[in-house]
Amino acid sequence: MPQSVRAVVFDVNETLSDMSPLRSRLEEVGVSGHLFATWFAGVLRDGLGLTAAGAYADFQELARADLVALLAATDGVNRDVESAAEHVLDGLSRLAVHPDVAEGVHDLREAGLRLATMTNGSASMTRGLLSRAGLLDSFEALLDVSGPRVWKPAPAAYRYVLDQLEVAPSEALLVAVHPWDIDGARRLGMQAAWLHRGRQVYPSARTPPTHTSEDLRSLAELLRNP
-8 MPQSVRAVVF
2 DVNETLSDMS
12 PLRSRLEEVG
22 VSGHLFATWF
32 AGVLRDGLGL
42 TAAGAYADFQ
52 ELARADLVAL
62 LAATDGVNRD
72 VESAAEHVLD
82 GLSRLAVHPD
92 VAEGVHDLRE
102 AGLRLATMTN
112 GSASMTRGLL
122 SRAGLLDSFE
132 ALLDVSGPRV
142 WKPAPAAYRY
152 VLDQLEVAPS
162 EALLVAVHPW
172 DIDGARRLGM
182 QAAWLHRGRQ
192 VYPSARTPPT
202 HTSEDLRSLA
212 ELLRNP
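In structure tokens:
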């Protein structure tokens, strides 16, 4: 394990949480589950766009607005749009962690590392996710972008995490599935581990991660035995 790492900071949406049940929720309201990717990308686009413009809105606000607009423009919705959106959004509070997360978190704690989360979503949803998984006590800080009022990958979002944990950039390791998140952390001088979960090639235009791993269990093993 790199000697400088004191704290591991996890992204939450898709990194810790398995968001695939939201696809099923979309199908239950009469539309394709493939719309999840369009919806989620739109929420990120709007959050980052507001940050670039010097403004801010929280994840829940944008998630609802974008989902209502998407469903209103899609044929096949089997109930009124507001009710359909509520059904899908309710799934956010019922998500589970990926199968590799519990063991990986345990191994990282056993290695003596401090664990925290930083999400473009909400700390309250992170708390619920980790509570359902029995992992809440493993984390010392559950952070979200309502603190700095900028979305990742804005530099101020990562500085906020470092300030809260009182660590230098090189002492913190971000874990995320999103290359844009890895890139943002690396540009600020943090270490970063990309969990690709077998899905894609890391984009060459992004700053490369310090570590690459299939899942959290293999990352924990990699950090223990560099």
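Each residue of the sequence shown is one higher than the one before, starting from -8 at the first, in the working numbering.
Cβ coordinates follow ideal geometry from the N, Cα and C atoms, glycine included.
Small disclaimer: the values here were computed from a predicted structure and weren't measured.
List the whole-angstrom C-beta distance separating residue i from residue j, where the pair is believed to meet the contact cut-off of C-beta under 8 angstroms.
i: R190; j: D174; result: Wrong, their Cβ atoms sit about 17 angstroms apart, outside the cutoff.
i: S204; j: L186; result: 6 angstroms
What's the gap between the Cα of residue i and the Cα of residue j?
i: R55; j: S23; result: 18 angstroms
i: A46; j: D128; result: 34 angstroms
i: Y168; j: F1; result: Rather than Tyr, the amino acid found at residue 168 in this sequence is Val. If I take the Cα positions, the gap works out to 10 angstroms.
i: L58; j: W30; result: 6 angstroms
i: L17; j: D98; result: 35 angstroms
i: V72; j: P12; result: 19 angstroms
i: K143; j: H89; result: 22 angstroms
i: M(-8); j: D172; result: Low confidence applies to M(-8): its pLDDT is 49, below 50, so where it sits in the model is not reliable, and the reading given next is rough at best. Taking the straight line from one Cα to the other gives about 22 angstroms.
i: T6; j: N69; result: 31 angstroms
Less than 9 angstroms between CB atoms is the rule here; does residue i satisfy it with respect to chain C?
i: D98; result: Although the question refers to chain C, the structure presented lacks it and comprises just one protein chain.
Can the beta-carbon of residue i be found closer than 9 angstroms to that of residue j?
i: A124; j: A87; result: yes
i: A183; j: R105; result: no
i: L156; j: M181; result: no
i: L207; j: V166; result: yes
i: V79; j: V(-4); result: no
i: R177; j: P199; result: yes
i: F27; j: G38; result: no
Let me know if residue i comes out buried or exposed under the rule of 16 or more other beta-carbons within 10 Å of its beta-carbon.
i: H25; result: exposed
i: A36; result: One detail in the question is off: residue 36 reads as Arg in this sequence, not Ala. So R36 ends up on the exposed side.
i: R215; result: exposed
i: V192; result: exposed
i: D91; result: buried
Quick check: the region 132 to 151 against the region 108 to 116, are there 3 or more CB pairs under 8 angstroms? Under the Cβ criterion (8 angstroms, minimum of three pairs), the region 132 to 151 counts as touching the region 108 to 116.
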